[in-house]
Amino acid sequence: MPSPLLLIRHRHQRRTSLSRRLDHQARRLALGGIFLLVACLAGATLVLALAYADTVHDLPSIEQLPLLLNPSDGSLLEPTRLYDRTGQHLLLTLAPENARRPYLPYNQIPSVLVNAVIAAADPQFWEHNGYTLNGWRDPLLHPTLAQQLAADLLLWNEPPSVRRAIRERILAAQITARYGRAQVLEWYLNSAYFGNQAWGVESAARLYLGKSASQVNVSEAALLAALTRAPALNPFDAPQAAENERVQVLQTMALLGMVDPAVALTPPPVYAAPPAAVSDGETLAPAFLNLTLAQLNQRFAQERVARGGVNVFTTLDYALQQQAVCTLQTLLQQATGNHQEIRAHDGSPCLAARFLPSLPPGFSAPRVTASALILDPRAGQVLAIVGDSSHDNTGDYLLAHPAGTLLTPFLYLTAFTRGFGPASLAWDIPGEVANFDGNYHGPVRLRLALVNDYLPPAAVLLEQMGLPEVQRVATSFGLEFSPAADFFSDTIFLSPYQIASAYAVFANQGMSTGQRLTGEAVTPVLVWRILGVDHAIWADWSTPDSRPVVSPPLAYLVNHVLSDDSARRMPATLTNAFALGRPLAVKVGRPFQTNGIWIVGYTPQRLIVVWVETQGEAQPSASGETDAALTLGAGLWRALMQYALQDLPAESWAAPAGIVQREVCDPSGMLPSPACPNVVPEIFLSGNEPQQEDTLYQALAINRESGLLATVFTPPELVEERVYLMIPPQARAWAEAAGIPAPPTAYDTITLPPVNPDVHITSPTLFADGRGTIPIVGSATGDDFAFYRLEYGSGLNPARWIRIGNDVSTPVREGLLAEWDTRDLNGLYILRLLVAHVDGRLEQATVALLLDNTPPQVTLLSPASGATVTLAEGEAMLLRAEVNDSGLAKVSFYMDGNLLAELTEAPFEVLWAGTPGRHSLHLVATDRAGNVTSVRAAFQVRR
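Written out as structure tokens, the structure is:
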């Protein structure tokens, strides 16, 4: 047994060994942890380094700020200016006055203004390093003045994001460290926006207070500081809100110890009067300028354009704009009965107004609004706009109005893609949608239906095409409306610009021209060039972009229809309203409830959209004409188009490949037949031209005494040919109301002449059934016999006779005249025997017979072939068949070779006892002509 000392020693050795192993493992774990921590730190450092590198990549240089805001030549101190297309006429300056913006150096900024701005925008301005981390996740928040500078002047073209927010703070720190806080404050006050196009504190002080910013008191300073936070809440546009903001700034200043609390109770400043329009364009073309600024905002940040340093050259034709304005005002004034001359904006004569047609005697419409837009469709540029105006006011905006029937060309275009064409037949008859004047025109070509706004044909087309498909086509032209919209009500509103953009595609034979402002859509523009004051090119849109929308042949179909002045039905006083002696297309559009009118007319060179709306009761003219809006709209459009085209050569649309012309019967659009009353030329997509003769008009042989359809048995002296319009069932009520005779449907009474013993047909007999090869027996003889001939024709009064065999010169008496192969014929036929005599006499005999070379159609319904039928004890079995044949004679049921039954009419059902075992059912259907069809079925019966 070991001694106690030895046991203690062994235990101590084990503990020491265990302790050493644990210490070793602990050291290994510690080293591993340290290594892992170092690796994580290194990885995190690398990630942060890469993220930082990405954040500061292409970071704008802060050295741009002194260049942008240099008091002597800083580009942002030059206001943005808009010019006409030549650059000779200044239209608009985005500033309270057309001059370089005044700059206020820091040493002239009063301390009360410095304190007010700091209290309103950056209370910790003097403590932080130009930035704060507060709100860094919100890219729209700029909590310091330096950050606001960086966001507005250096990062304006970057979309809001967390990355931009971080870059903004980096730049703000650099700006503050490089230039100091005083410079930051100076630049901020000289670049901030104060509303009403006032950029910079000096401009704002002069605009609102009528004094320099260096002279403001604490109350005025608080107002200016408040405007930096909310420029829209200014004394001109929101005086009460501006006062509330001013008081709030004073209260903040008091809380910060900048002013005595009593100062917050000081009365508001005395404000200057709002300035009048300072630019020529604001009075001549306000709607054009508003639309121009809206379009600029689609491509460039609105605030950056307005901030300054940009020269915008618009597409406005200054001379044409003047003429459009004075012509529209002249027309509206004449509508009130005042014929005093109105001169152009520059005092020159209003030459375009001289093209205005005289209004009918006694015409008066005192409450009228109108607008107009003139477009160069080839260049995709808007040349002139007159906003919605009354006789004493030029509108500032181009408003949207109910589109009405201006959308119908896109409906018809959809139909043209589906095989329809201008020549296709439509029925203008009363239906769910009524015509505007309550009159209907019966059968018309789609050409007339489109150009004259016949609504029933349009409603039928819409049902056939489906509104979603029409909407898809309209959307490709840039016209957006809800799929739930009612096509025939005033629920779809469009502006003249949208309409002009869409119809310009037709003017360009299917191409949309202009520029890609957003996305892939190409739209007409109101700007052709944008330059920085440093001559840097922001945009050059002098060369139009284009995009195909619809194929040239389809566009040509629409242009051909809308330029067909002979198809247009206008009131007597406006017969030649759209005839200018050159090719042009015109679409008159009518809203469904509003008392207005659209006129869209175009050539390849110019497109003009006119909207005229009358309110209240217009005084009818002496001729009784009451469509005042149409009279005024047509006159305005004619005058503007005639002036716009006077120096341009006449152009038309050449027919592209894929267009063919054919003569057709009007209005069916089919090939002319002898009965067609009116043949016209029409155009078609290649492959869609008609192949059949007209069936709408048919010449019918009539017994003039009975008025019934003549037959071969009607005495020839009573037969006359009359041409009838074949009226479908849905149009019969219209035809009756319109006094259009319907063709007779009943045949003349058949009166057989006495049998001629020398010329007659013995067999087949009258109305006999026949099939296959039929022997013709009879007599063809007589004195001075020359030859006989046999012919047949379809119907009771055949229009065409077909010879059976050759003429026979041997007389026959009660013998075989010929054998007639009728295997390809079915229906009612007339067989005619002609006997010619040497002296030129002709004798004839006729017989009607029913040819049937089609066997009956038989379907065995039960039992099915191969079936096993289980019947209960004593239960009979029903044998059923379906047989179709117009001349059925009988249906025979045979069971296992034994006749069960013969039936002559439906239902073809037989009850059979149902003997157990295997059986064979045989059905035989026989018609009167002798055609036979048989069906067999093998089946088994169990009980």
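Taking the working numbering, the leading residue of the sequence shown gets 2, the next gets one more, and so forth. Glycine is no exception: its CB is placed at the ideal position from the N, C-alpha and C atoms.
{"Item": "Among Gln516, Arg247, Asn394, which residue has its Cα nearest to the Cα of Leu297?", "Value": "Gln516"}
{"Item": "Can you list the alpha helix (DSSP H) stretches of 4 or more residues lying completely in the segment 296 to 320, in chain order?", "Value": "303 to 308"}
{"Item": "Since Met671 is in the beta strand (DSSP E), which residue starts that stretch and which ends it?", "Value": "Here Met671 belongs to no beta strand (DSSP E), and DSSP marks it neither H nor E."}
{"Item": "Nearer than 7 angstroms: is that true of the beta carbon of Asn899 relative to any heavy atom of the ligand NAD?", "Value": "Looking at this structure, you won't find the ligand NAD or any other ligand, since it has none at all."}
{"Item": "Assign Glu626 to one of two classes, buried (16 or more other C-beta atoms within 10 Å of its C-beta) or exposed (fewer than that).", "Value": "Annotation note: pLDDT 44 at Glu626 (below 50); position unreliable, no value reported."}
{"Item": "Secondary structure at His143, three-state DSSP: helix, strand or coil?", "Value": "coil"}
{"Item": "Could you check which residue in Gln303, Arg379, Ala117 has the C-alpha nearest to that of Leu224?", "Value": "Ala117"}
{"Item": "Can at least three beta-carbon pairs, one atom from the segment 400 to 420 and one from the segment 566 to 574, be found at a separation below 8 angstroms?", "Value": "no"}
{"Item": "When DSSP labels each residue in this structure, what does Tyr398 get in the three-state scheme?", "Value": "coil"}
{"Item": "Determine the contact status of Tyr860 and Ala882, defining contact as a CB-CB distance below 8 angstroms.", "Value": "The sequence as given places Thr at residue 860; Tyr does not occur at that position. Contact flag set, yes."}
{"Item": "Where in the segment 216 to 299 do unbroken runs of the alpha helix (DSSP H), each at least 4 residues long, occur, reported from the N-terminal end onward?", "Value": "219 to 230, 240 to 256, 281 to 285"}
{"Item": "Give me the Cα-Cα distance between Ile751 and Asn704, rounded to the nearest whole angstrom.", "Value": "12 angstroms"}
{"Item": "Ignoring anything shorter than 4 residues, give me the alpha helix (DSSP H) runs that lie fully in the segment 860 to 887, in order along the chain.", "Value": "none"}
{"Item": "Hey, how far is the Cα of Ser192 from the Cα of Val260?", "Value": "26 angstroms"}
{"Item": "Name the residue from Leu91, Ala214, Val217, Thr229 whose alpha carbon lies nearest to the alpha carbon of His143.", "Value": "Thr229"}
{"Item": "Only counting the same chain, and skipping five residues up and downstream in sequence, which positions put a Cβ closer than 8 angstroms to that of Arg937?", "Value": "Ser866, Ser921, Leu922, His923, Leu924"}
{"Item": "Decide if the segment 125 to 141 is in contact with the segment 103 to 112; the criterion is three or more beta carbon pairs, one per stretch, under 8 angstroms apart.", "Value": "no"}
{"Item": "For His920, name the three-state secondary structure that DSSP assigns.", "Value": "strand"}
{"Item": "For Asp318, count neighbouring Cβ atoms within 10 angstroms of its own Cβ and tell me buried if that reaches 16, exposed if not.", "Value": "buried"}
{"Item": "Check each candidate in Leu633, Leu709, Asn436, Leu753 and name the one with the smallest Cα separation from Gln845.", "Value": "Leu753"}
{"Item": "Grab me the residues of Val452's own chain with a C-beta within less than 7 angstroms of its C-beta, minus the 5 sequence neighbours each way, in chain order.", "Value": "Val562, Leu563, Asp565, Ala568, Arg569"}
{"Item": "Can you name the residues that DSSP bridges to Ala96?", "Value": "In the DSSP output, where bridge partners are listed per residue, Ala96 has none listed."}
{"Item": "Check whether the segment 339 to 354 touches the segment 364 to 374, counting contact only when three or more Cβ pairs, one atom from each stretch, lie closer than 8 angstroms.", "Value": "no"}
{"Item": "Thinking Leu851 and Asp770 are a contact (beta carbons under 8 angstroms), I'd like their distance in whole angstroms, please.", "Value": "5 angstroms"}
{"Item": "For Ser76, which option in Val756, Gly310, Phe494 has the closest C-alpha, if you only look at C-alpha atoms?", "Value": "Gly310"}
{"Item": "On the criterion of 16 or more Cβ atoms from any shown chain inside 10 Å, does Ala743 qualify as buried, or is it exposed?", "Value": "exposed"}
{"Item": "In terms of DSSP beta bridges, what is Arg591 paired with?", "Value": "Beta-bridge pairing links Arg591 to no other residue."}
{"Item": "Report the residue from Gln616, His536, Phe478 whose alpha carbon sits nearest the alpha carbon of Arg548.", "Value": "Phe478"}
{"Item": "Count the C-beta pairs between the segment 661 to 677 and the segment 687 to 705 that are closer than 8 angstroms, then say yes if the count reaches three, no if not.", "Value": "yes"}
{"Item": "Just list the beta strand (DSSP E) runs in the segment 401 to 460, keeping only unbroken ones of 3 residues or longer that don't cross its boundaries, in chain order.", "Value": "426 to 429, 443 to 446"}
{"Item": "Please return the same chain residues whose Cβ sits closer than 7 angstroms to the Cβ of Thr978, not counting the five positions on each side in sequence.", "Value": "Within the shown structure, residues of the chain are numbered from 2 to 944, placing residue 978 beyond reach of any answer."}
{"Item": "Can you find the residues in the same chain that come closer than 6 angstroms, C-beta to C-beta, to Gln620, ignoring five residues on each side of it along the sequence?", "Value": "With a pLDDT of 49 at Gln620, under the threshold of 50, the modelled position of that residue is not reliable, and the figure given next carries that caveat. Answer for Gln620: Ser365, listed in chain order."}
{"Item": "Look up Arg170 in the DSSP assignment and say whether it is helix, strand or coil.", "Value": "helix"}
{"Item": "Mapping the DSSP letters down to three states, classify His129 as helix, strand or coil.", "Value": "coil"}
{"Item": "What is the DSSP secondary structure of Gln499, reduced to helix, strand or coil?", "Value": "helix"}
{"Item": "Note down the Cα distance separating Ser624 from Thr476, rounded to an integer number of angstroms.", "Value": "Residue placement at Ser624 is poorly supported in this model, since its pLDDT is 40, which falls under 50; the coordinates are not used for a value here."}
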